[in-house]
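Trainee: First the structure, which I've put down as structure tokens, then a few questions once you've had a look.
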């Protein structure tokens with residue numbers, strides 16, 4: 007019997023219409039935990055690097071996290087992994103609410119989808135009974151509408167549905183997969199559309215077992231209360247009406263303009279009134295004590311919900327106010343468009359129009375007012391009509407397809423993916439590394455354990471360090487105590503900080519823990535819910551497998567290195583690891599490249615960002631190093647001690 | 133005639149539907165507490181409390197398993213509360229053929245909330261302990277109730293006997309009565 011996980015994956019081939027329930031190797035849990043960790047392993051093993059994202063060979067994997075369905079509070083994230091058409095790299099997408107938990111109760115840890123269906127279908131997973139069903143009648147339907155229709159069709163309101171909207175069907179690169187109050191963005195939406203899969207509906211009524219049930223339950227009940235009481239976890243944007251931070255510091259439009267004096271008391275009062283006059287409630291994900299989703303009913307609009315910075319993206323891209331986001335979010339979510347990338351693409355298009363690179367002829371019938379223009383382009387993108395067919399590919403690709411100097415206006419992408427619109431003065435070295443080398447694409451998916459900025463006084467820093475349980479090593483406290491200026495921190499510290507920040511996200515995304523109670527929330531106040539000291543015990547209590555901090559850390563390194571290897575095999579190299587040129591005003595190329603060198607060395611990667619044979623083998627990824635050598639990606643001699651090398655050579 | 137006055141302990145779970153976030157921690161905790169052995173499995177489908185959720189209509193109502201009923205209602209009331217329309221079923225605790233709430237998923241047998249009776253007793257039922265948002269709160273209060281002895285009028289008994297005699301014949305009724313009263317000192321003449 008398996009604990010914490012079901013031990014089975016559901017394998018669906020949409021080309022053949024085959025459905026299999028496949029037992030998984032229990033050792034994989036110990037090596038990769040679950041969620042995105044075991045998904046990376048599947049992508050490495052089964053998708054050849056030549057496979058195009060839009061090909062039957064590409065896999066679309068829905069993974070429950072290892073903790074999904076256990077009493078561990080705030081462990082609700084389902085990861086969706088595939089190869090993204092936008093970046094060609096491994097897509098990193100997560101969604102909360104109920105999906106992964108329902109999947110586990112249906113008896114599966116993952117749904118692994120391959121092939122392509124000739125007609126639009128949806129998947130109906132009812133415990134052991136799984137059907138591929140006709141979805142042609144759902145073509146063009148919105149995400150929420152699809153969920154509603156499927157629930158009606160199956161006559162069961164308890165079914166959990168994840169669906170794409172028209173944008174996903176039309177393989178729009180910035181399309182998302184939506185489920186309840188959550189959505190998975192950054193790549194899998196268009197792949198789901200390409201596979202002809204409109205939705206997945208799940209109903210699970212089976213037991214899930216953990217290894218030490220009474221002990222785990224008791225501990226988790228206490229932890230839930232702690233998380234509820236802890237103001238440092240959850241979404242501060244859900245409960246603090248002062249959002250001067252984003253509005254005064256982030257860039258508006260096409261990541262272009264900072265409005266330092268935008269926020270005011272009067273504005274805050276007006277916006278607060280908008281919110282509370284139209285908010286139905288705040289909701290949370292399965293077994294989470296926080297309430298991060300804001301549910302809004304705006305006049306004449308469909309009810310929708312948002313969380314975190316999703317509240318700001320549309321009106322900041324359009325130079326409007328909150329009411330505009332409230333108007334457009336419901337429409338955009340129904341179309342199945344990601345509220346992070348889409349507004350940037352629209353703002354980019356309007357900037358090109360202003361610059362004369364695109365002309366009025368490219369936008370036939372477009373209204374003159376900015377709000378009307380956003381709606382117009384939104385629809386064009388979702389349906390890939392006219393210029394929307396180009397914009398649907400995201401800023402990077404659209405710029406190259408449009409040409410005529412449009413490339414210059416693509417000034418906020420890394421690895422072909424839109425970044426948070428932040429344009430600052432001086433380089434924050436750990437942020438340089440995170441933005442340059444991260445493979446979860448958005449900084450929000452990488453940062454979070456070490457504070458973003460130094461605290462002004464020594465007393466404040468001491469206070470911060472006093473209860474800073476999460477630090478994996480005392481050296482982080484020392485670095486923080488001596489950190490005076492944002493841009494002035496040693497390379498040694500920057501490398502370790504980046505590594506720790508990444509570690510927590512990689513651990514979370516394998517366990518299904520939400521960043522808001524874990525990886526993302528250590529940086530503010532230092533008292534996050536989960537860290538390398540309390541997670542190992544929870545893994546042991548859930549699965550029965552002994553874990554400690556060092557073993558957990560090595561697991562992070564293994565998963566992290568495997569993700570890098572998956573992407574290296576698809577062509578990722580040092581040349582791709584450059585933050586936007588104008589991300590900071592003051593740049594020092596020599597310093598940055600030295601920092602990158604140091605970081606690669608710290609990680610055990612070559613100067614080109616490829617994990618060395620030694621690094622791979624130490625993590626038990628020998629099959630990866632062998633593949634790299636066979637393909638000529640590594641020679642096998644990189645940074646390897648000479649003894650070992652000579653023995654290798656003798657063998658050969 | 134006045135019946136006996138008696139004190140009765142009433143256990144109440146107060147439900148504030150406005151505070152419910154739909155996290156379903158109550159379901160998780162309930163299923164764990166009632167697993168045999170205790171906590172050995174997790175499964176909201178076995179929970180004796182369920183949250184009726186309809187995101188698109190903003191409906192979040194935790195309901196607690198009550199009595200089993202053989203037949204579903206003849207109709208449904210729809211209630212409009214603060215502009216939102218709720219089906220009567222959203223508040224109904226019955227284990228009923230019209231829906232699959234409160235049925236053991238393996239056997240279909242009805243589940244019923246027992247307020248987490250335990251030895252030693254819990255301070256609060258487990259669902260309440262799990263609800264951090266305080267959508268569920270627990271109250272115990274004493275109620276004084278009058279214990280009524282049933283007062284039956286003789287004519288009413290005659291009506292019943294009349295009906296039985298009409299249906300089954302005098303002899304059958306008498307034989308049955310004689311058999312039932314065997315050993316007792318009741319004699320009957322009809």
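Residue numbers (the numbering used here), protein chains in the order written: chain A, 7 to 658; chain B, 133 to 322.
Think of the CB as a built atom: it goes at the ideal place given N, C-alpha and C, for glycine as much as any other residue.
Exposed or buried, which one is residue 212(B) when buried takes at least 16 other CB atoms within 10 Å?
Mentor: Indexing the second chain from 1 puts residue 212(B) at position 80. Per the 10 Å Cβ criterion, exposed.
Trainee: Looking at chain B, which residues of the region 415-435 of chain A have a Cβ within less than 8 Å of any of its Cβ atoms?
Mentor: none
Trainee: In the DSSP assignment, what are the bridge partners of residue 442(A)?
Mentor: Indexing the first chain from 1 puts residue 442(A) at position 436. Note: residue 442(A) sits in no beta bridge, so no partner.
Trainee: Nearest to residue 526(A) by alpha carbon, out of 516(A), 507(A), 429(A) and 540(A)?
Mentor: Residue mapping note: residue 526(A) aligns to position 520 of the first chain, counting from 1. For residue 526(A), the nearest C-alpha among the options comes from 507(A).
Trainee: I want to see whether chain B comes within less than 8 Å of residue 163(A), judged by CB atoms only; does it?
Mentor: In the first chain, counting from the first residue as 1, residue 163(A) sits at position 157. True, the Cβ-Cβ gap to chain B drops below 8 Å.
Trainee: Which word fits residue 241(B), buried or exposed, when buried means at least 16 other C-beta atoms lie within 10 angstroms of its C-beta?
Mentor: Against the second chain, residue 241(B) aligns to sequence position 109. Classification for residue 241(B): exposed.
Trainee: I think residue 667(A) touches residue 197(A), with their Cβ atoms under 8 Å apart; what is that distance to the nearest whole Å?
Mentor: Outside the modelled stretch of chain A, which goes from 7 to 658, sits residue 667(A), for which no answer is possible.
Trainee: Residues bridged to residue 617(A) by DSSP?
Mentor: Residue mapping note: residue 617(A) aligns to position 611 of the first chain, counting from 1. The partner list for residue 617(A) (beta bridge, DSSP) reads 611(A).
Trainee: Report the three-state DSSP secondary structure of residue 493(A) (helix, strand or coil).
Mentor: Translated into positions along the first chain, residue 493(A) becomes position 487. Correct three-state label for residue 493(A): coil.
Trainee: Compute the Euclidean distance between the alpha carbons of residue 90(A) and residue 53(A), then round it to the nearest angstrom.
Mentor: For this step, residue 90(A) is matched to residue 84 along the first chain. For this step, residue 53(A) is matched to residue 47 along the first chain. Roughly 13 Å between the two C-alpha positions.
Trainee: Which value, in whole angstroms, describes the spacing of the CA atoms of residue 176(B) and residue 547(A)?
Mentor: Taking the second chain and counting its residues from 1, the one referred to as residue 176(B) is at position 44. Taking the first chain and counting its residues from 1, the one referred to as residue 547(A) is at position 541. So the two alpha carbons sit approximately 20 Å from each other.
Trainee: Give the residues from the region 186-198 of chain A that approach chain B closer than 7 Å (Cβ to any Cβ), ordered along the chain.
Mentor: 186 and 187
Trainee: So, at 7 Å on beta carbons, what are the nonlocal neighbours of residue 322(B) in its own chain, with the 5 sequence-adjacent residues on each side left out?
Mentor: Position 190 of the second chain, counting from 1, holds the residue named residue 322(B). The predicted model places residue 322(B) with a pLDDT of 47, which falls under 50 and marks its position as unreliable, so this point remains unresolved.
Trainee: Under 8 Å between the Cβ atoms of residue 183(B) and residue 158(B)?
Mentor: Within the second chain, residue 183(B) is the residue found at index 51, counting from 1. Within the second chain, residue 158(B) is the residue found at index 26, counting from 1. Cβ atoms of residue 183(B) and residue 158(B): closer than 8 Å.
Trainee: Do you know how far the Cα of residue 130(A) is from the Cα of residue 298(A)?
Mentor: Sequence index remark: in the first chain, residue 298(A) carries index 292 (1-based). Sequence index remark: in the first chain, residue 130(A) carries index 124 (1-based). Cα to Cα, residue 298(A) sits roughly 29 Å from residue 130(A).
Trainee: Using a Cβ-Cβ distance under 8 Å, would residue 296(B) count as near chain A?
Mentor: As a position in the second chain, residue 296(B) is number 164, starting the count at 1. Residue 296(B) has a beta carbon lying at 8 Å or more from every beta carbon in chain A.
Trainee: In angstroms with no decimal places, state the Cα-to-Cα distance between residue 402(A) and residue 393(A).
Mentor: For the purposes of this step, residue 402(A) is taken as residue 396 along the first chain, with counting starting at 1. For the purposes of this step, residue 393(A) is taken as residue 387 along the first chain, with counting starting at 1. One C-alpha to the other measures close to 15 Å.
Trainee: Hey, which unbroken runs of the beta strand (DSSP E) at 3 residues or more fall wholly within the region 357-439 of chain A?
Mentor: 430-432
Trainee: Can the beta-carbon of residue 69(A) be found less than 8 Å from the beta-carbon of residue 41(A)?
Mentor: As a first step, residue 69(A) is located in the first chain; it is residue number 63 there, counting from the start. As a first step, residue 41(A) is located in the first chain; it is residue number 35 there, counting from the start. Using a Cβ distance threshold of 8 Å, residue 69(A) and residue 41(A) count as a contacting pair.
Trainee: Using only the alpha-carbon positions, how far apart do residue 593(A) and residue 44(A) sit?
Mentor: Taking the first chain and counting its residues from 1, the one referred to as residue 593(A) is at position 587. Taking the first chain and counting its residues from 1, the one referred to as residue 44(A) is at position 38. For residue 593(A) and residue 44(A), the distance between alpha carbons rounds to 38 Å.
Trainee: By the 10 Å Cβ neighbour count, where 16 or more other Cβ atoms means buried, how is residue 445(A) classified, buried or exposed?
Mentor: Working through the first chain from its first residue, we reach residue 445(A) at position 439. It counts as buried.
Trainee: Please specify which runs of the alpha helix (DSSP H), each continuous and at least 4 residues long, are wholly inside the region 469-549 of chain A, giving them in chain order.
Mentor: 481-487, 497-517 and 541-549
Trainee: Within 8 Å of any Cβ in chain B, is that where the Cβ of residue 112(A) sits?
Mentor: Within the first chain, residue 112(A) is the residue found at index 106, counting from 1. Residue 112(A) does not count as touching chain B.
Trainee: Counting only Cβ-Cβ distances shorter than 7 Å, please list the residues of the region 220-235 of chain A near chain B, keeping chain order.
Mentor: 220, 223, 227, 230, 231 and 234
Trainee: What three-state label does DSSP hand residue 214(A) in the structure shown?
Mentor: Here residue 214(A) is taken as the residue at index 208 of the first chain, counted from 1. Strand.
Trainee: Under a three-way DSSP split, which group does residue 576(A) fall into?
Mentor: Position 570 of the first chain, counted from the first residue, corresponds to residue 576(A). Residue state, collapsed to three classes: coil.
Trainee: Here's the rule: buried if 16 or more other CB atoms are within 10 angstroms of the residue's CB, otherwise exposed. What is residue 193(A)?
Mentor: Counting from 1 along the first chain, the entry for residue 193(A) is found at position 187. The residue in question, residue 193(A), is buried, as its Cβ has 16 or more Cβ neighbours within 10 Å.
Trainee: Please report the distance separating the alpha-carbon of residue 376(A) from that of residue 595(A).
Mentor: Translated into positions along the first chain, residue 376(A) becomes position 370. Translated into positions along the first chain, residue 595(A) becomes position 589. Between residue 376(A) and residue 595(A), the C-alpha separation is close to 38 Å.
Trainee: Sort 341(A), 386(A), 529(A) and 418(A) by Cα distance to residue 181(A) and report the nearest one.
Mentor: Counting from one through the first chain, the residue named residue 181(A) turns up at place 175. The shortest C-alpha separation from residue 181(A) is found at 341(A).
Trainee: Could you name each continuous alpha helix (DSSP H) segment of 4 residues or more that falls completely within the region 294-347 of chain A, going from the start of the chain to the end?
Mentor: 319-323 and 328-341
Trainee: Residues of the region 279-312 of chain A in Cβ contact with chain B at a cutoff of 7 Å, in chain order, please.
Mentor: 286, 287, 288, 289, 290, 291, 292, 293, 294, 295, 297, 301 and 309
Trainee: For chain B, is any of its Cβ atoms less than 8 Å away from the one on residue 638(A)?
Mentor: As a first step, residue 638(A) must be located in the first chain, where it is residue number 632. By this cut-off, residue 638(A) is not an interface position.
Trainee: I'd like to know whether the C-beta of residue 549(A) is nearer than 8 Å to at least one C-beta of chain B.
Mentor: Within the first chain, numbered from 1, the residue matching residue 549(A) stands at position 543. It does not: the Cβ of residue 549(A) has no partner Cβ on chain B nearer than 8 Å.
Trainee: From which residue to which residue does the alpha helix (DSSP H) around residue 220(A) run?
Mentor: By 1-based counting over the first chain, the position of residue 220(A) is 214. Unbroken alpha helix (DSSP H) run through residue 220(A): 219-235.
Trainee: How long is the line joining the alpha carbons of residue 366(A) and residue 359(A), rounded to whole angstroms?
Mentor: Residue numbering aside, residue 366(A) sits at position 360 when the first chain is read from its first letter. Residue numbering aside, residue 359(A) sits at position 353 when the first chain is read from its first letter. The alpha-carbon separation between residue 366(A) and residue 359(A) amounts to approximately 7 Å.
Trainee: How would you label residue 145(A), buried or exposed, when you count the other beta carbons within 10 angstroms and need 16 or more for buried?
Mentor: Looking up residue 145(A) in the first chain gives position 139. So residue 145(A) counts as exposed.
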